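Participant: Numbering (our numbering), first residue to last: 22 to 313. We put the beta carbon where it would ideally sit given N, CA and C, even for glycine. No experiment lies behind these values; they were computed from the predicted model shown. Shown below is the structure under consideration.
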């Protein structure tokens, strides 16, 4: 009985930290150079590389992120918005339909604020802090859209407005169909000595599945890792190596683990950009405990 109470207490204590660890993992930027971004107004649109993602989670909210860079490789610099450049997001209806020919918002600002978002900046390089204008680090632009009550969005849009109210044309992606994680169950206790069956509902073989993992263990260690599952078949059999690190954590410890499972559909961006991609993602999360 004492052991059961101790395990229950451990799960409760570790829930919040493991979610925070997952947030930092998902905020981490990929590609681009360290801490010397460039102003966007020094580049024409056709020399900007745009990497976009729209993620819908269990709440129904959609978080859209955009990273602008001056090239496709790992040495490319991130770009921060400057001199009137602005990024907008919306669901199902292109942002430009919410704006008049002068680029000004219609008079009903309350209704517009629910449907048209101006993206904010955060820095992925310096403590994941938020800034009104990011001049150092790895700037990423984000917004959170809440669908209208009773609606289920099927498409996410991003519009890039250049100085002088010049629109680049919308980038868009269709969301893959929603699903639920069937196994492992929430708060399950899973032994790493046996294969773990990860299953989910509503299979869509036109999409791919990605798994992000974060763990916080009773010995104080913590870790994150990722696993590319591949084409959606509704199931994956995982060895402990897929969700538990080979080094840095004792193999005899118990850990609180969170799976963030993502169903991904990838589209292109506006042809005005040099290149880029736009991922539409359905994301689901489950937490459980692993034992040796």
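Buried or exposed: residue 279, going by 16 or more other Cβ atoms within 10 Å of its Cβ?
Facilitator: It counts as buried.
Participant: Am I right that residue 162 and residue 111 are in contact with their C-beta atoms under 8 Å? What's the rounded C-beta distance?
Facilitator: 14 Å between Cβ atoms; not a contact.
Participant: Could you pull out every residue in the same chain whose Cβ sits closer than 8 Å to the Cβ of residue 92, ignoring the five residues on either side in sequence?
Facilitator: 70 and 98
Participant: Quick one: what's got a C-beta closer than 8 Å to residue 168's C-beta in the same chain, skipping five residues either side?
Facilitator: 81, 82, 83, 112 and 174
Participant: From residue 227 to residue 181, what distance separates their C-alpha atoms?
Facilitator: 29 Å
Participant: List the whole-angstrom C-beta distance separating residue 290 from residue 299, where the pair is believed to meet the contact cut-off of C-beta under 8 Å.
Facilitator: 5 Å
Participant: Using three-state DSSP, classify residue 313 as helix, strand or coil.
Facilitator: coil
Participant: For residue 199 and residue 301, I'd like the C-alpha separation in whole angstroms.
Facilitator: Per the coordinates, the alpha-carbon of residue 199 lies some 11 Å from the alpha-carbon of residue 301.
Participant: If the criterion is Cβ atoms closer than 8 Å, does the pair residue 72 and residue 297 meet it?
Facilitator: Yes. Within cutoff.
Participant: In this structure, what does DSSP give as the bridge partners for residue 308?
Facilitator: 279
Participant: Between 197, 292, 313 and 303, which has its C-alpha nearest residue 78's C-alpha?
Facilitator: With distances taken between Cα atoms, residue 78 lies closest to 303.
Participant: Indicate whether residue 277 and residue 202 have their beta-carbon atoms separated by less than 8 Å.
Facilitator: no
Participant: Could you tell me the boundaries of the beta strand (DSSP E) in which residue 160 lies?
Facilitator: 160-166
Participant: On the criterion of 16 or more Cβ atoms from any shown chain inside 10 Å, does residue 154 qualify as buried, or is it exposed?
Facilitator: Because residue 154 carries a pLDDT of 42, less than 50, the predicted location of this residue cannot be relied on, and the following value inherits that uncertainty. With fewer than 16 other Cβ atoms within 10 Å, it is exposed.
Participant: Pull up the distance between the alpha-carbon of residue 120 and that of residue 75, whole angstroms please.
Facilitator: 22 Å
Participant: Under 8 Å by Cβ, that's how I've got residue 194 and residue 257 pegged, so tell me the actual separation to the nearest angstrom.
Facilitator: 24 Å between Cβ atoms; not a contact.
Participant: Expressed to the nearest angstrom, what Euclidean distance is found between the alpha-carbon atoms of residue 117 and residue 184?
Facilitator: 15 Å
Participant: Take residue 246 and list the residues in its own chain whose beta-carbon comes closer than 6 Å to its own, dropping the five residues that flank it on each side.
Facilitator: 234
Participant: Can you tell me whether residue 303 is helix, strand or coil according to DSSP?
Facilitator: strand
Participant: Cutting at 8 Å between CB atoms, please list the residues of its own chain near residue 254, excluding the five before and the five after it.
Facilitator: Within the same chain, Cβ atoms closer than 8 Å to the Cβ of residue 254 are found at 224 and 226, the five residues on either side in sequence being excluded.
Participant: Which residue comes first and which comes last in the beta strand (DSSP E) that contains residue 230?
Facilitator: Its beta strand (DSSP E) spans residues 229-238.
Participant: Is residue 72 helix, strand or coil by DSSP?
Facilitator: strand
Participant: Where does residue 189 sit, in a helix, a strand or coil, going by DSSP?
Facilitator: coil
Participant: On the premise that residue 308 lies in contact with residue 190, defined as a C-beta separation below 8 Å, what is that separation, rounded to the nearest angstrom?
Facilitator: Not a contact, Cβ separation roughly 41 Å.
Participant: Just how far apart, CA to CA, sit residue 210 and residue 240?
Facilitator: 17 Å
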